[in-house]
Each structure stands twice: as C-alpha cells, then as structure tokens.
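The structure under discussion appears below in the form of structure tokens.
In the working numbering, the protein residues as written are 40 to 105.
Have a look at this one:
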C-alpha cells in the first residue's frame, strides 16, 4: 500500500516539475519582454492557483478514503 505522499508525488510530480521548469526557463530566456507585461504575471499566478487548488482537492480526497 502506498502512502499518501507517494500517491501525491506519483500523480503530480511530473506535471509540477514541467510547469515550474518551463516557467523558469521562459523567465530566464525572455526577462526583458516579460517583466513589464501584466498579462504574463497574471497568467503565471492563475496557473499556480489552479495547480495548487487541484493538489489541495486531491489531498482532501485521499483523507476521505482512509
């Protein structure tokens, strides 16, 4: 039986890594075009909030199963 942390890591580990690696590389390669662009900042924040909300709901569903 897998622990709760192993299930979360298996389900979200790769997508978490890809999302943050891609956003870091974009900010690293194109900093001058992105720093003043409010739409990029808002998109990044909304993407983070969606990801964290899905992760939170998944963790709560694991608590209800046990």
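Where is the CB? At the ideal position from N, CA and C, for every residue including glycine. In this text, all values refer to a predicted model and were calculated from it rather than measured experimentally.
Can you determine whether any heavy atom of the ligand MG sits closer than 6 Å to the C-beta of residue i, and answer yes or no?
i          : result
residue 81 : Inclusion of the ligand MG in the displayed structure is not the case, the ligand content being empty and no account of it being possible.
Are residue i and residue j closer than 7 Å when you measure CB to CB?
i           : j          : result
residue 101 : residue 43 : yes
residue 94  : residue 63 : no
What three-state label does DSSP hand residue i in the structure shown?
i          : result
residue 76 : coil
residue 69 : coil
residue 42 : coil
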